[in-house]
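Colleague: One point on numbering: in the numbering used here, the residue at position 16 of the sequence shown is 1182, and numbering is uninterrupted. Yeah, the Cβ is synthetic: ideal placement off N, Cα and C, and Gly gets one too. Below: one structure in structure tokens.
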Amino acid sequence: MIGQRDVFERLGIAVDAAQKRNEVLGHILFDGPPGLGKTTFATCIPRELGTPLQIASGAALAAPKDLLPYLTNVSERSVLFIDEIHRLPHAVEEFLYPAMEDFRIDITLGDGIAARTINMPLRPFTLIGATTRAGLISAPLRDRFQLREHLDFYSIEELAEIVRRSALKLAMPMDNESANEIARRSRGTPRLANNRLRWIRDYSTSRCNGRVDVEIVCTALQMQGIDELGLDGFDRRYLETIQRVFGGGPVGVEAVAHTMNTAIDTLEDDIEPYMLRCELVVRTPRGRRITARGSQHIGSFSAAHEQRRLFGG
């Protein structure tokens, strides 16, 4: 396991303790930006436990009846994984509460004065939730998870090791300098590092007879518009919108999303976490504001792009 060592160690202790006590593993919530391994952790846990896994999406569970088949199908100590759990409607959340706490659900049969509620016991199971928006999860639901793990961005060293291992599986030559360059341009995210690597492999096969070095890496990624910080054209457009249209801010995310003709969730989930980490933008009570570093990055990229255009670099 590369990266997230503290999370991995805590989960290992929880799994080991549950197995030694012959008990069901406590419910687990993973949060963090996309591509950091939430789903990987969620699918590895039942394999380690040797139990079945069911997978659902919070966006697809619009009503308690949508969740009911998953709960009635749980087996002893099995795992139910709900991705995007922050998208659960309030009624579905409330339906989950007794299932998580007491392994039972309340089902209403009939309508009006003839309606009656029956209590249905469930087999003890583990619920694993994953979210990119932990702040949108209500406190009552959040507090019912025994373990809450935040996944952070990976270091350049960790990503470089992931790149080297992936390159080995792809039978692709990879020196340390090239692996480090890919890691630097992958926004701290293993999923992006592997995507970059596959594109470089295609470029190398098509243009360089399968050869890979740091110059080829840079050229291939420049063709995709990926700069030294790992930002692509859409990322830079976000920065340029704040700087050019809104005078550097502060500006609300709704206004930025409307100007860019994109979804607010896309900006908040996919774009802003890395921008904030790199201190390219800051959040203020009045909205987003571009930093001096963010302005400098836009300027330096534009200058380098113009130079390449003029001199064919």
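1) Buried or exposed for Met1167, please, with buried defined as at least 16 other CB atoms from any protein chain shown within 10 angstroms of its CB.
2) Please report the distance separating the alpha-carbon of Thr1298 from that of Gly1198.
3) I believe Gln1390 touches Ile1464 by the beta-carbon criterion, under 8 Å. Please report the beta-carbon distance rounded to the nearest angstrom.
4) So, do the stretch 1342-1361 and the stretch 1321-1333 have three or more beta carbon pairs nearer to each other than 8 Å?
5) Specify whether the stretch 1251-1258 and the stretch 1301-1317 touch according to this definition: at least 3 beta carbon pairs, one from each stretch, less than 8 Å apart.
6) CB-CB under 7 Å to Val1258, same chain, minus the five flanking residues each way: which ones, in chain order?
7) Which residue comes first and which comes last in the beta strand (DSSP E) that contains Met1266?
8) Find the nearest neighbour of Ser1461 within the set Glu1381, Glu1406, Met1340, Val1173, judged by alpha-carbon distance.
9) Measuring only the C-alpha atoms, how far is Phe1261 from Ser1244?
10) Near Phe1174, which residues of its chain fall below 7 Å by C-beta distance, leaving aside the five closest residues on each side in sequence?
11) I'd like to check one pair, Thr1292 with Leu1442: are the Cβ atoms closer than 7 Å?
12) Would you report the Cα separation of Arg1308 and Lys1335, rounded to the nearest angstrom?
13) So, at 7 Å on beta carbons, what are the nonlocal neighbours of Leu1395 in its own chain, with the 5 sequence-adjacent residues on each side left out?
14) Here's the rule I'm using: 16 or more other beta-carbon atoms within 10 Å means buried, otherwise exposed. How should Glu1347 be labelled?
15) State the Cα-Cα distance for the pair Val1447 and Thr1371, rounded to the nearest angstrom.
16) Would you mind working out which of Glu1189, Arg1455, Ala1208, Thr1238 sits nearest Leu1288, comparing C-alpha positions?
17) Report the three-state DSSP secondary structure of Ser1223 (helix, strand or coil).
18) Would Phe1196 pass as a contact of Lys1186 if the rule is Cβ separation under 7 Å?
19) Span of the alpha helix (DSSP H) holding Arg1454?
20) By how many angstroms is the C-alpha of Ala1386 removed from the C-alpha of Glu1324?
21) Here's the rule I'm using: 16 or more other beta-carbon atoms within 10 Å means buried, otherwise exposed. How should Ser1332 be labelled?
22) Can you check the stretch 1273-1342 for any alpha helix (DSSP H) of at least 4 residues that lies completely inside it and give the ranges in chain order?
23) Check Thr1238 in the structure and name its three-state DSSP category.
24) Pick helix, strand or coil for Val1173, following the three-state DSSP scheme.
25) Do Pro1212 and Leu1219 have their C-beta atoms within less than 7 Å of each other?
26) Is Phe1400 helix, strand or coil when you go by DSSP?
27) Would you mind stating whether Ile1430 and Val1419 have Cβ atoms separated by less than 7 Å?
Modeller: In terms of the structure at hand:
1) Taking the first residue of the sequence shown as position 1, residue 1167 is located at position 1. Counting Cβ neighbours within 10 Å, Met1167 comes out exposed, since fewer than 16 surround it.
2) Here the question's residue 1298 lines up with position 132 in the sequence shown. Here the question's residue 1198 lines up with position 32 in the sequence shown. Rounded to the nearest whole angstrom, the C-alpha separation of Thr1298 and Gly1198 is 5 Å.
3) The residue given as residue 1390 occupies position 224 in the sequence shown. The residue given as residue 1464 occupies position 298 in the sequence shown. Approximately 18 Å separates the beta-carbon atoms of Gln1390 and Ile1464; this is outside 8 Å, ruling out the contact.
4) These segments touch.
5) A contact exists between the stretch 1251-1258 and the stretch 1301-1317.
6) Residue mapping note: residue 1258 aligns to position 92 of the sequence shown, counting from 1. The answer, listed in chain order, is Leu1227, Ala1229, Pro1230, Leu1233.
7) Reading the sequence shown from its first residue, position 100 is the one you call residue 1266. No beta strand (DSSP E) holds Met1266; the alpha helix (DSSP H) holding it covers 1256-1268.
8) Working through the sequence shown from its first residue, we reach residue 1461 at position 295. Comparing Cα-Cα distances from Ser1461 to each of Glu1381, Glu1406, Met1340, Val1173, the minimum goes to Glu1406.
9) To locate residue 1261, count along the sequence shown from 1; it is residue 95. To locate residue 1244, count along the sequence shown from 1; it is residue 78. In a straight line, the C-alpha of Phe1261 is about 19 Å away from that of Ser1244.
10) Counting from 1 along the sequence shown, the entry for residue 1174 is found at position 8. Excluding positions up to five away in sequence, the list reads Met1167.
11) Within the sequence shown, numbered from 1, the residue matching residue 1442 stands at position 276. Within the sequence shown, numbered from 1, the residue matching residue 1292 stands at position 126. In this structure, the beta-carbon distance from Leu1442 to Thr1292 does not fall below 7 Å.
12) Residue mapping note: residue 1308 aligns to position 142 of the sequence shown, counting from 1. Residue mapping note: residue 1335 aligns to position 169 of the sequence shown, counting from 1. Cα-Cα distance, rounded: 39 Å.
13) Within the sequence shown, residue 1395 is the residue found at index 229, counting from 1. The residues Cys1444, His1463, in chain order, have a CB closer than 7 Å to that of Leu1395 in the same chain once the five nearest residues on each side in sequence are set aside.
14) The count along the sequence shown starts at 1 and reaches residue 1347 at position 181. Buried, since its Cβ has 16 or more Cβ neighbours within 10 Å.
15) As a first step, residue 1447 must be located in the sequence shown, where it is residue number 281. As a first step, residue 1371 must be located in the sequence shown, where it is residue number 205. A direct Cα-Cα distance of roughly 38 Å separates Val1447 from Thr1371.
16) Walking along the sequence shown from the start, residue 1288 turns up at place 122. Here the closest residue by C-alpha is Thr1238.
17) Here residue 1223 refers to the residue found at position 57 when the sequence shown is read from its first residue. Reduced to three states, the DSSP call for Ser1223 is strand.
18) For the purposes of this step, residue 1196 is taken as the residue at position 30 of the sequence shown. For the purposes of this step, residue 1186 is taken as the residue at position 20 of the sequence shown. Going by C-beta atoms, Phe1196 is not nearer than 7 Å to Lys1186.
19) Your numbering for residue 1454 matches position 288 in the sequence shown. In the DSSP assignment, Arg1454 falls outside any alpha helix (DSSP H) and within the unbroken beta strand (DSSP E) covering 1453-1456.
20) Along the sequence shown, read from residue 1 onward, the residue named residue 1324 stands at position 158. Along the sequence shown, read from residue 1 onward, the residue named residue 1386 stands at position 220. If you take the alpha carbons of Glu1324 and Ala1386, they lie about 22 Å apart.
21) Taking the first residue of the sequence shown as position 1, residue 1332 is located at position 166. Ser1332 should be labelled buried.
22) The qualifying runs are 1305-1308, 1322-1335.
23) As a position in the sequence shown, residue 1238 is number 72, starting the count at 1. Note: Thr1238 maps to helix in three-state DSSP.
24) Taking the sequence shown and counting its residues from 1, one reaches residue 1173 at position 7. Val1173: helix per DSSP, three-state reduction.
25) In the sequence shown, counting from the first residue as 1, residue 1212 sits at position 46. In the sequence shown, counting from the first residue as 1, residue 1219 sits at position 53. Taking 7 Å as the cut-off, the beta carbon of Pro1212 is found closer than this to the beta carbon of Leu1219.
26) One-based indexing of the sequence shown puts residue 1400 at position 234. Helix, per DSSP.
27) On the sequence shown, residue 1430 is found 264 positions in, with the first residue counted as 1. On the sequence shown, residue 1419 is found 253 positions in, with the first residue counted as 1. In contact: Ile1430 and Val1419 (Cβ atoms closer than 7 Å).
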